[in-house]
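Numbering (the numbering used here), first residue to last: 227 to 299. Glycine is no exception: its CB is placed at the ideal position from the N, C-alpha and C atoms. All figures in this text were calculated on a predicted structure; none of them were measured in a lab. Notes for the one structure printed next.
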């Protein structure tokens, strides 16, 4: 039998987590963009994928920051 624990995170915690993920994926995209290994087709696909993930996480971080600013008023 498993139990479920519900954890509520603050907008600041969500934003910090999302920002860390955005940086992680942006770094990976940069690594593949500047890599001499692998084929260009393979690397371009990785750059697009990781760049897209970085952009999504950056948007989540921005939304969390806006929410945190709004709730602190």
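How many Å lie between residue i and residue j at the Cα?
| i | j | result |
| --- | --- | --- |
| residue 281 | residue 248 | 7 Å |
| residue 258 | residue 283 | 19 Å |
| residue 266 | residue 229 | 47 Å |
Between which two residues does the alpha helix (DSSP H) carrying residue i extend?
| i | result |
| --- | --- |
| residue 254 | 237 to 259 |
| residue 297 | 266 to 297 |
Are the beta-carbon atoms belonging to residue i and residue j less than 8 Å from one another?
| i | j | result |
| --- | --- | --- |
| residue 255 | residue 277 | yes |
| residue 251 | residue 279 | yes |
Touch test, the segment 263 to 283 against the segment 230 to 240, Cβ-Cβ under 8 Å, three pairs minimum: no
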